[in-house]
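> Chains as they are written, first to last, in our numbering: chain C, 14 to 122; chain V, 3 to 116.
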Amino acid sequence: RKEVEQDPGPFNVPEGATVAFNCTYSNSASQSFFWYRQDCRKEPKLLMSVYSSGNEDGRFTAQLNRASQYISLLIRDSKLSDSATYLCVVTKGTYKYIFGTGTRLKVLA
Amino acid sequence: SAVISQKPSRDICQRGTSLTIQCQVDSQVTMMFWYRQQPGQSLTLIATANQGSEATYESGFVIDKFPISRPNLTFSTLTVSNMSPEDSSIYLCSVAGADNQPQHFGDGTRLSIL
Chain C
14 RKEVEQDPGP FNVPEGATVA FNCTYSNSAS QSFFWYRQDC RKEPKLLMSV YSSGNEDGRF
74 TAQLNRASQY ISLLIRDSKL SDSATYLCVV TKGTYKYIFG TGTRLKVLA
Chain V
3 SAVISQKPSR DICQRGTSLT IQCQVDSQVT MMFWYRQQPG QSLTLIATAN QGSEATYESG
63 FVIDKFPISR PNLTFSTLTV SNMSPEDSSI YLCSVAGADN QPQHFGDGTR LSIL
């Protein structure tokens, strides 16, 4: 089993739709969780950290479920510009970051 | 977040040559990371670099092929040695200000080997 697993997609959704991605992790001792966005041939950029209580940033909501060992990202009112690959990252030990392989999102006009 | 400058942004090199990639951060950071990402693939960690100690390499990566320097808390270099077409990739440096804090990435170096 991979340490961090994501559905590779692509998720094809119309503009204005709500879409959600999950990311499962295997190490119950993981402490920190992040979502990154990566555009084609660009570097990953931090989208948001994921806190135990859940957090929201505009149209984006991240949640952590420690019992089931997954994090989620919800995007409301999808825009064309949201088309990208979304990477989840989980920490494991001292300065150990495990990157998921990413979920591709295509928002269609 | 830290501003990270990576140079060169791209290069085309002949096989058998070496290229050194520089990563400069505008603030002091504890840990720097070097990744490789081939087209359509996920990030692969090459090594982590802590100032004042030798880099720690991941399985499949060796110091002779990818020597790394970390002379201070704001700078690191990665050299890709004796390059072959299989080394064609995007190379990314990233930094983390503290353990369990998010990483921030440089723009990447797009390397093509002929």
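Virtual Cβ for every residue (Gly too), placed ideally from N, Cα, C.
All of these numbers come straight from a predicted model, not from anything done at the bench.
(1) With H, G and I counted as helix, E and B as strand and the rest as coil, what does DSSP make of V/P73?
(2) Applying the criterion that 16 or more other CB atoms from any shown protein chain within 10 Å of the CB defines a buried residue, is V/S91 buried or exposed?
(3) If you scan the region 67 to 111 of chain V from start to end, which runs of the beta strand (DSSP E) of 3 or more residues do you find wholly inside it?
(4) Pull the bridge partners of C/Y110 from the DSSP assignment, please.
(5) Sorted by chain position, which residues of the same chain lie with C-beta nearer than 7 Å to C/D70's C-beta, five sequence neighbours on each side aside?
(6) Around the Cβ of C/L99, are there at least 16 other Cβ atoms within 10 angstroms (buried) or fewer (exposed)?
(7) Tell me whether the beta-carbon of C/L86 lies closer than 9 Å to the beta-carbon of C/C101.
(8) Just checking my contact of V/Q30 with V/Q8 at CB under 8 Å: how many whole Å lie between their CB atoms?
(9) Does V/A98 come within less than 9 Å of chain C when only Cβ atoms are used?
(10) Report yes if the CB atom of V/P87 is closer than 9 Å to the CB atom of V/I48, and no otherwise.
(11) List the endpoints of the continuous beta strand (DSSP E) containing C/Y49.
(12) So if DSSP puts C/P23 in a beta bridge, which residue, or which two residues, is it bridged to?
(13) Against chain V, does C/E18 count as a neighbour if the rule is that its beta carbon must be under 9 Å from one of theirs?
(14) Would you please verify whether the beta carbon of V/L45 is less than 9 Å from any beta carbon of chain C?
(15) Of all the options C/A75, C/F34, C/E28, C/G22, which has the alpha carbon lying nearest to the alpha carbon of C/F46?
(16) Can you pull the chain C neighbours of V/G108, defined as C-beta to C-beta under 7 Å?
Judging by the given coordinates:
(1) Reduced to three states, the DSSP call for V/P73 is strand.
(2) By the neighbour-count criterion, in which a residue is buried when 16 or more other Cβ atoms sit within 10 angstroms of its Cβ, V/S91 is buried.
(3) Runs of the beta strand (DSSP E) inside the region 67 to 111 of chain V: 70 to 74, 77 to 82, 91 to 98.
(4) The partner list for C/Y110 (beta bridge, DSSP) reads C/T104.
(5) The residues are M61.
(6) Before going on, a small fix: residue 99 of chain C reads as Tyr here, not Leu. C/Y99 is buried by the Cβ-count criterion.
(7) Contact flag set, yes.
(8) Between V/Q8 and V/Q30 the Cβ distance is about 18 Å, and since that is not below 8 Å, they are no contact.
(9) yes
(10) no
(11) 46 to 51
(12) Per DSSP, none; premise fails for C/P23.
(13) Chain V, which has no Cβ nearer than 9 Å to the Cβ of C/E18, makes this no.
(14) yes
(15) C/A75
(16) E56
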